[in-house]
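With my numbering, the residue at position 259 of the sequence shown is 259, and numbering never jumps.
Have a look at the structure below, then the notes.
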Amino acid sequence: MKFMRAVLLLLMMVAAASASAQDLSPFFKDTKGSFVLYDLKNDRYTRYNEARCRERFSPKSTFKIPNSLIGLETGVIRDADFVIPWNRQKYPPDGWDEYPFIHWKQDHTLRSAIKYSVVWYYRELALRVGAKRMKKYVTAFNYGNQDISGRIDDFWLGGPLRISADEQVEFLKKFYAGRLPVSKRSTEIVKDILVLEKTPEYTLSAKTGGGSIKEGTYIGWFVGYVETKGNVYFFACNIEGTSYPEIRDKRIDLTKRILAELGLLPK
């Protein structure tokens, strides 16, 4: 019995060591944040700041991934090229002078709306889906705390919806494997519009998110997956800053530097 307990303890120690073997703290030297990576082939997690990986925050525009699936599945949008006209009176271009906001001042398709993270497009999508159908899918996806109360066009931005980095990765795993209660067609369309970089060695698919979570504090998300020859790696990173410009580029740069250090992207 003592021998079996010793073996079990050893196995647990090896598993814990493998999950945290890579020291990622240098990447967060001057940054408050967390990072989680799941290696599909080897069924292994790598994390930085495990406690924060379990902490829930507003998903901000990373919710555009499930929102796109829901829009397609309900028939609110037909395909990646479905146009929603920009209503200038409803969505005035206040402060839309920098990237990516400068691209919001026009009609958009699903493909261009996710590329430029066009908030008004997804607000319109959510309004057309409606609270009843939205709640059905958010619950079926087991997405974070599943709370869509309040404004149907704002619950993922300034509303009560919350999700952790760990939960982002679990959602992405189900999405990629086709284990969400949506059609293969909807899944494939969203996979296609999420692609950011495609080379013979790897394909990077991801979505940003960012915004205020309390006075003087902004969160920046970058979540997605890297496909390599023979494997898939799912990741979620969030960081904090005192302004949106501070986290806008950093959330992507920091994540890509970590992925490069782990050998998944070129340095």
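For each residue, glycine too, the CB sits at the ideal point set by N, CA and C.
Predicted model, so just to flag it, every value in this text is computed and none were measured.
Mark residue i as exposed unless 16 or more other C-beta atoms lie within 10 angstroms of its C-beta, in which case mark it buried.
i    : result
M13  : Because the pLDDT of M13 is 40, which lies under 50, any placement of that residue in the model is unreliable, and the question is left without a value.
K198 : exposed
I84  : buried
T242 : exposed
E215 : exposed
P26  : exposed
T217 : exposed
Express the C-alpha separation of residue j and residue i in angstroms, rounding to a whole number.
i    : j    : result
S61  : L161 : 12 Å
A206 : K256 : 11 Å
D79  : D23  : 42 Å
A177 : F57  : 25 Å
L265 : I152 : 38 Å
E227 : E55  : 27 Å
R128 : E98  : 28 Å
V36  : P59  : 15 Å
Report the option in the options whose CA atom is closest to the CA atom of residue i.
i    : options          : result
I111 : D81, E124, V119  : For the record, residue 111 in the displayed sequence is Arg; it is not Ile. Per the Cα distances, D81.
L196 : G178, R128, Y116 : Y116
F63  : K41, A126, L40   : A126
D39  : F175, K250, G230 : G230
V223 : S25, V169, G130  : V169
State the start and end residues of the unbroken beta strand (DSSP E) segment that holds residue i.
i    : result
E227 : 217–228
Y176 : First-last for Y176: 165–177, but that is the alpha helix (DSSP H), not the beta strand (DSSP E).
S205 : 202–214
Along the chain, where does the alpha helix (DSSP H) containing residue i start, and where does it finish?
i    : result
K136 : 131–140
T74  : 64–74
Below 7 Å, is the gap between the Cβ of residue i and the nearest heavy atom of the ligand NAD?
i    : result
P181 : Here there are no bound small molecules, and the ligand NAD is not part of this structure.
### Message
Does the stretch 229–239 come into contact with the stretch 157–176, if we say contact requires no fewer than three beta-carbon pairs (one atom in each stretch) closer than 8 Å?
### Response
yes
### Task
Could you tell me whether the stretch 137–149 touches the stretch 79–95, where touching means 3 or more Cβ pairs closer than 8 Å?
no
### Task
Report yes or no: do the stretch 56–71 and the stretch 173–192 share at least 3 C-beta pairs separated by less than 8 Å?
yes
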